[in-house]
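One structure is given here, and the rest of the page talks about it.
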Amino acid sequence: MNLTHLEGIALVQKLAFSLKTGQLTAVEVVVLPPYISLRSVQTLIDGDQLLLGYGAQDLSPHPDGAHTGDVSGAMLAALGCQYVVIGHSERRTDHAEDDVTVNAKVRAALAHGLAPLVCVGEHLPVREAGEQVGHCLAQLDGALAGIAAAELSGLVLAYEPVWAIGTGKVATPEDAQEVCAALRQRAAQLLSPQAAAKLRILYGGSVKAASTEGILAQADVDGALVGGASLDAEEFAAICRAAAPPTG
1 MNLTHLEGIA LVQKLAFSLK TGQLTAVEVV VLPPYISLRS VQTLIDGDQL
51 LLGYGAQDLS PHPDGAHTGD VSGAMLAALG CQYVVIGHSE RRTDHAEDDV
101 TVNAKVRAAL AHGLAPLVCV GEHLPVREAG EQVGHCLAQL DGALAGIAAA
151 ELSGLVLAYE PVWAIGTGKV ATPEDAQEVC AALRQRAAQL LSPQAAAKLR
201 ILYGGSVKAA STEGILAQAD VDGALVGGAS LDAEEFAAIC RAAAPPTG
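The structure is reproduced here in structure tokens:
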């Protein structure tokens with residue numbers, strides 16, 4: 001819950017202008033502004049033909065009707081959103097969203113052609129008990145329960161160790177790889193080995209430019225879900241540059 005729509009426009013402009021065309025085509029860069037900024041960001045990206053994708057931070061599990069304050073998948077699709085974050089740890093904590101709710105939101109996203117960016121992750125007590133893999137796999141199972149594999153071609157997963165979000169703590173590259181590898185293996189069972197190989201799995205947890213290269217060097221980490229660092233255009237751009245393959 002950061003930035004007014006005017007501040008959001010300025011941030012997206014700075015981000016786009018801080019990156020070279022080659023860097024923006026080498027990696028997919030997506031911004032996920034608050035609802036109130038989506039129309040402004042859409043107008044900016046489409047009008048200036050910026051090489052950025054955009055999406056929303058959440059959506060309602062309901063298709064329409066009397067759900068005051070909710071924003072539906074149809075509304076987001078009409079704004080041209082490509083992605084929507086589902087099951088972020090802050091939604092699970094602040095709004096008591098459980099796996100059933102996450103599953104309903106995944107279904108709502110798919111019904112309107114939105115790619116669900118499903119978040120899983122553990123709190124510190126789970127990590128200290130050595131149960132992080134099982135915990136994250138259970139969240140993944142719940143999120144995708146009863147959904148046909150054919151519907152999930154656009155699925156993106158994000159592993160966000162909750163103990164590393166906003167704390168300055170960062171999971172080691174090996175920590176990230178352990179869980180992301182397990183998620184890919186489970187995806188091979190739930191979807192298919194071919195779909196799992198193509199599945200994009202992100203790491204999110206106090207991502208900084210300085211830590212990006214080591215995290216993304218892991219075999220099963222395909223990108224980053226950037227939190228607080230994304231509010232600084234230069235830091236966000238530096239993370240994007242670190243993720244982009246070197247150019248000759």
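According to the numbering used here, the sequence shown is numbered sequentially starting from 1.
Note that the Cβ used here is the ideal one computed from N, Cα and C, for glycine as well.
message: My output table needs one value for Leu117: the three-state DSSP class, helix, strand or coil.
response: In the sequence shown, counting from the first residue as 1, residue 117 sits at position 117. Reduced to three states, the DSSP call for Leu117 is strand.
- request: Could you check the C-alpha separation between Gly228 and Val84 for me, to the nearest Å?
  value: For the purposes of this step, residue 228 is taken as residue 228 along the sequence shown, with counting starting at 1. For the purposes of this step, residue 84 is taken as residue 84 along the sequence shown, with counting starting at 1. Near 18 Å, if we compare the C-alpha coordinates of Val84 and Gly228.
query: Thinking C-beta only, is Cys81 closer than 9 Å to Leu114?
result: Counting from one through the sequence shown, the residue named residue 114 turns up at place 114. Counting from one through the sequence shown, the residue named residue 81 turns up at place 81. Yes, these two residues count as a Cβ contact at 9 Å.
- request: Measure the alpha-carbon distance for Val71 versus Ser60 and round it to whole angstroms.
  value: Counted from its first residue, the sequence shown places residue 71 at position 71. Counted from its first residue, the sequence shown places residue 60 at position 60. Cα to Cα, Val71 sits roughly 5 Å from Ser60.
query: Can you list, in chain order, the stretches of the alpha helix (DSSP H) that have 4 or more residues and sit fully within the segment 102 to 160?
result: 124 to 128 and 132 to 144
message: Let me confirm a value: Cys240 is counted as buried when at least 16 other C-beta atoms fall within 10 Å, else exposed. Which label applies?
response: For the purposes of this step, residue 240 is taken as the residue at position 240 of the sequence shown. Buried.
message: Asp141 and Asp99 - do their beta-carbons sit closer together than 9 Å?
response: Within the sequence shown, numbered from 1, the residue matching residue 99 stands at position 99. Within the sequence shown, numbered from 1, the residue matching residue 141 stands at position 141. Yes, Cβ-Cβ distance for Asp99 and Asp141 is below 9 Å.
task: Go ahead and pull the three-state DSSP assignment for Gly204.
output: Along the sequence shown, read from residue 1 onward, the residue named residue 204 stands at position 204. Correct three-state label for Gly204: coil.
message: Considering only their Cβ atoms, is the gap separating Ile201 from Leu157 smaller than 9 Å?
response: Taking the first residue of the sequence shown as position 1, residue 157 is located at position 157. Taking the first residue of the sequence shown as position 1, residue 201 is located at position 201. Yes.
task: Report all residues from its chain with a CB closer than 6 Å to the CB of Gln249; omit the five preceding and five following residues, and keep chain order.
output: Residue 249 falls outside the range modelled here, since the chain spans only 1 to 248, and no answer is possible.
task: Assign Gly248 to one of three DSSP states: helix, strand, or coil.
output: Here residue 248 refers to the residue found at position 248 when the sequence shown is read from its first residue. Its pLDDT being 49, under 50, Gly248 is placed unreliably by the model, and the measurement read from it follows with that caveat. Correct three-state label for Gly248: coil.
- request: Just the C-alpha distance for Asp232 and Arg92, rounded to the nearest angstrom, thanks.
  value: Locating residue 232 in the sequence shown gives position 232, where the first residue counts as 1. Locating residue 92 in the sequence shown gives position 92, where the first residue counts as 1. Roughly 26 Å separates the two Cα atoms.
task: Taking Pro173 and Gln218 to be in contact with their CB atoms under 8 Å, please state how far apart those CB atoms are, rounded to whole angstroms.
output: Numbered from 1 along the sequence shown, position 173 holds the residue referred to as residue 173. Numbered from 1 along the sequence shown, position 218 holds the residue referred to as residue 218. That belief holds up - the Cβ atoms of Pro173 and Gln218 are roughly 5 Å apart, short of 8 Å.
- request: Alpha carbon to alpha carbon, how far is Ala111 from Leu6? Give it in angstroms, no decimals.
  value: Position 6 of the sequence shown, counting from 1, holds the residue named residue 6. Position 111 of the sequence shown, counting from 1, holds the residue named residue 111. Distance between the alpha carbons of Leu6 and Ala111 is about 31 Å.
query: Could you give the distance in angstroms between the alpha-carbon of Leu79 and the alpha-carbon of Thr43?
result: Numbered from its first residue, the sequence shown carries residue 79 at position 79. Numbered from its first residue, the sequence shown carries residue 43 at position 43. If I take the Cα positions, the gap works out to 9 Å.
query: Cβ of Val30 within 9 Å of Cβ of Gly53?
result: Counting from one through the sequence shown, the residue named residue 30 turns up at place 30. Counting from one through the sequence shown, the residue named residue 53 turns up at place 53. In this structure, Gly53 lies closer than 9 Å to Val30 by Cβ.
message: Buried or exposed for Gly22, going by 16 or more other Cβ atoms inside 10 Å?
response: As a position in the sequence shown, residue 22 is number 22, starting the count at 1. Gly22 comes out exposed.
- prompt: Looking at the unbroken alpha helix (DSSP H) that takes in Val41, where does it start and where does it end?
  reply: For this step, residue 41 is matched to residue 41 along the sequence shown. Note, Val41: alpha helix (DSSP H), Tyr35 to Gly47.
query: How close, in whole Å, do the beta carbons of Glu235 and Ala209 come, if the pair is a contact with beta carbons under 8 Å?
result: To locate residue 235, count along the sequence shown from 1; it is residue 235. To locate residue 209, count along the sequence shown from 1; it is residue 209. Indeed they touch by this definition, with Cβ atoms about 6 Å apart.
message: Since Gly55 and Leu32 should fall inside the 8 Å C-beta cutoff, what is the C-beta to C-beta distance between them, to a whole number of angstroms?
response: For the purposes of this step, residue 55 is taken as residue 55 along the sequence shown, with counting starting at 1. For the purposes of this step, residue 32 is taken as residue 32 along the sequence shown, with counting starting at 1. That belief holds up - the Cβ atoms of Gly55 and Leu32 are roughly 5 Å apart, short of 8 Å.
field: Per-residue DSSP class, three states only, for Val30
entry: Locating residue 30 in the sequence shown gives position 30, where the first residue counts as 1. Strand, per DSSP.
Option in Pro34, Ala176 and Thr68 with minimal Cα separation from Asp222: Indexing the sequence shown from 1 puts residue 222 at position 222. It is Ala176 whose Cα lies nearest to the Cα of Asp222.
task: Pull up the distance between the alpha-carbon of Ala171 and that of Leu38, whole angstroms please.
output: The residue labelled residue 171 in the question sits at position 171 within the sequence shown. The residue labelled residue 38 in the question sits at position 38 within the sequence shown. So the alpha carbons of these two residues sit roughly 31 Å apart.
message: Quick check: the Cα distance between Val41 and Leu11, rounded to an integer number of angstroms?
response: Working through the sequence shown from its first residue, we reach residue 41 at position 41. Working through the sequence shown from its first residue, we reach residue 11 at position 11. Distance between the alpha carbons of Val41 and Leu11 is about 10 Å.
message: Just to confirm my understanding: we take Ala238, look at its own chain, exclude 5 residues before and 5 after, and list those with CB closer than 7 Å. What are they?
response: For the purposes of this step, residue 238 is taken as residue 238 along the sequence shown, with counting starting at 1. Counting only Cβ-Cβ distances below 7 Å, and skipping sequence neighbours, we find Ala209.
- prompt: Three-state secondary structure (DSSP) at Gly53?
  reply: On the sequence shown, residue 53 is found 53 positions in, with the first residue counted as 1. Gly53: strand per DSSP, three-state reduction.
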